[in-house]
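Numbering-wise, the sequence shown is residues 32 to 621 according to my numbering. Cβ coordinates follow ideal geometry from the N, Cα and C atoms, glycine included. Taking it in order: structure first as structure tokens, then the write-up.
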Amino acid sequence: MPDTSVPFVKIGDRTVGEGHPLLLIAEAANAHEGDFEKALQLVHAAADAGADAVKFQRFRAERLVTKGDPKLAHFKALEFDDTRWKGLITAARDRGLLFLADLFYEEAVEEMLSLGIDAVKIHSTDIANPRMLQALKGKGLPVLLSTGGSTPEEIGRALALLSPAEAVLMHGFQGFPTGIDDLHLRRMTTLKERYRLPVGLQDHVAGDSPLCPLIPFIAMGMGAAVVEKHITLDRSKKGIDYYSSLNPGEFRDMVSRIREAERAMGSNSMSMGENERTYRKRMKKFIVASKDLEKGKPVPPAALDFKRVGEGITPALADRISGRVLRRSVAADEPLLPGDIELNAVILIAVRMSSTRLPGKALIELEGRTTIEHLIDRLKGARVPKAIVLCTSTHPNDKVLLDIAERNGIKAFAGSEDDVMGRFLGAGEREGAEIVVRVTGDDILIDPVHLDKLVFHLFEKNADYACMTGLPKGTECEAISYKALKAAHERAIDSRWTEYMTYYLKVPELFTVVDMPVEERYTRKFRLTLDYAEDLEVLRTVFRNLYRKGEVFTLDELITFLDAHAEVLELNKEVKPKVLPPEMNTGLRL
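Encoded structure:
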């Protein structure tokens, strides 16, 4: 499938692109009419109105038009020297504005770069000017490229000359003012799809048009990441570009409405917010028993009905649940929950005493319990799996782990020292597993709630392998169908590397692989696994602050604590990801 993603562009401290706030540019252009004090007033008006950036035009009249042009004197009167430009940039910085400028001659690039400009606009006047475009090459300045009145060939050539500069394509032209029929806002979608760049609108609709306030909203719907609109101090005075300009108060109203609209735009993520989850619980039908059902008996197909009950199993799985054994008795009209159905899922903990980076880490104590016991405590909170099995090797050093399993009331299995997948298969066969949950002894903060969800997600999607990469590292696990595990082992070219089991299973040519979506409130880049001494310090701090004897703290508590104490995560931020052995071979015979 072709890559249709659109990159982001950094302008100052702002990220411009889909999913980020709209960049609102107050286009002052030449509304100052050559008066520096008026230019300063425009900067302050833009800031007071809530704009993100202010933009002017820098040119030299004799480089813009010919000597005989009747507008030469007009343009000459609009020029500022470097001192004035520096003053405007400083004023913008002081008011928290980005400073942009249309540049109309090559030397202006170095001049404005030295003064601290944030981005350059290439007017459509210069889109076919190779000297202007090449002057920007390698300068590190983001570029807004005006495409008004330009052909696809001109746009393509300009982008080739600018590469690798970051660019935003700006749609629109100045028609003094531009008529509604000339806007063609759908063209922004074409530009974004054809050139795979962020797009924006340079809006030149009449400032007093009834449609003027609506155009930016339509542009947002067309995918605009930037909106540029002229600002003037007083449109009634009919100064330069007054036709398409907004007065400061009108600009402020536009900004306010756009920011409200952005809230409505929200995110393109399919993850539901709290209110939508509440709606789902209230409105969706789930499976209920149509009569009393007995524990230990298969679910009769005719004994299921669908009603609004707030939680449970989707009706789409009714056929696959029929015939499965119930793990508890369910009364008529009561919902069936994922933990009520026997999925023959077994948690398998891969753990040994042979760690080289942190020797004996499974036996290190945190608040009076070994790390492996903390993991077992958390896994006991899972409802869907029917058993927990500690899987270790037959090496004498690992016998202590078998004793811990017995002492903590879980099962154990000892197998090959080198073939972890072989160990899992042996334990899974003994337990009659249809699904195995792979947990490593390093991940002692596994979340039992998400573990249950993952197992049922694998079942629901009828997949071979399921993960949940959105969770913090060290709180996640993997669910694998026993059949897929066996097939991967049989096809493995070299089973000595099955410690890295994931690599044998994420093979879409053979297996159905799914990544379970995780709610945004749980998605973090925390490193909470146990592999190095620095990791141990993080976990010591976590348990010292959250552990309560006989209880298991929740993922919500964990994230709330770490969000409030970012300094804890500084303890292992320099730890590099494990480097895989170059000789590792996880290939399968296809």
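With burial defined as no fewer than 16 other Cβ atoms inside 10 Å of the residue's Cβ, what is the status of residue i: buried or exposed?
i	result
V610	exposed
M615	exposed
K484	buried
P241	exposed
S267	exposed
P539	exposed
E305	exposed
P390	exposed
P33	With a pLDDT of only 44 at P33, under 50, the local geometry of the prediction cannot be trusted, and no value is derived from it.
K152	buried
P38	exposed
I524	exposed
K392	buried
P612	exposed
F455	buried
K326	exposed
T500	exposed
D562	buried
H596	exposed
Q205	buried
M285	buried
M301	exposed
M314	exposed
Y310	exposed
F207	exposed
D100	exposed
R388	exposed
By DSSP's criteria, residue i is part of a beta bridge. Which residues make up the other side?
i	result
G297	In the DSSP output, where bridge partners are listed per residue, G297 has none listed.
L200	L176 and V230
G446	S424
L394	Answer by DSSP bridge pairing: none, since L394 is not bridged.
I419	I378
K517	Beta-bridge pairing links K517 to no other residue.
A523	L619
K504	R558
Give me the Cβ distance between residue i and residue j, rounded to the nearest whole Å; I'm assuming they're in contact under 8 Å.
i	j	result
F542	Y496	6 Å
I42	L167	About 14 Å; that fails the 8 Å criterion.
S526	D429	In fact, because the Cβ distance is near 19 Å, the residues do not count as touching under 8 Å.
L379	V468	7 Å
L131	A150	5 Å
A519	L619	6 Å
V96	F87	No, V96 and F87 are not in contact; Cβ-Cβ is about 19 Å, not under 8 Å.
M384	L324	Going by Cβ atoms, the distance from M384 to L324 rounds to 45 Å, so no, they are not a contact pair.
A76	I344	Contact doesn't hold; Cβ gap of about 59 Å is too wide.
L73	A62	6 Å
L190	V230	Not quite, the Cβ-Cβ distance comes to about 13 Å (not below 8 Å), so this is no contact.
L216	A198	Actually they do not touch by this definition, with Cβ atoms about 20 Å apart.
R89	M143	7 Å
Looking at the secondary structure, which residues open and close the beta strand (DSSP E) in which residue i lies?
i	result
Y496	Y496 to C498
R89	A84 to R89
T220	Where T220 is concerned, there is no enclosing beta strand (DSSP E), although the alpha helix (DSSP H) it sits in stretches over R218 to Y226.
R454	Here R454 belongs to no beta strand (DSSP E); instead the alpha helix (DSSP H) covers V451 to E462.
V468	I466 to T471
R45	R45 to V47
V545	V544 to D546
S386	Looking at the DSSP string, S386 is not in any beta strand (DSSP E), and its letter there is neither H nor E.
K622	Outside the displayed span of the chain (32 to 621) sits residue 622, for which this structure offers no information.
D133	L129 to L134
A60	L54 to A60
S512	E509 to S512
State the start and end residues of the unbroken alpha helix (DSSP H) segment that holds residue i.
i	result
P568	For the record, residue 568 in the displayed sequence is Glu; it is not Pro. Element bounds for E568: A564 to L577.
T591	L586 to A595
F490	P479 to K492
D408	T402 to L410
T533	M532 to L536
D434	K430 to R438
E141	E138 to L146
Unbroken stretches of the alpha helix (DSSP H), 4 residues or longer, contained in the segment 307–380: Qualifying alpha helix (DSSP H) stretches, in chain order: 349–352.
Alpha helix (DSSP H) runs contained entirely in the segment 148–189, provided each spans 4 or more residues: As far as the segment 148–189 is concerned, its whole alpha helix (DSSP H) runs of at least 4 residues are 161–167.
Any beta strand (DSSP E) of 3 or more consecutive residues that is wholly inside the segment 236–302: When DSSP assignments are scanned along the segment 236–302, the uninterrupted stretches of beta strand (DSSP E) that are 3 or more residues long and fall wholly within it turn out to be 255–262.
Whole beta strand (DSSP E) elements within the segment 65–115, 3-residue minimum: Fully contained in the segment 65–115 are the following beta strand (DSSP E) runs of length 3 or more, in chain order: 84–89.
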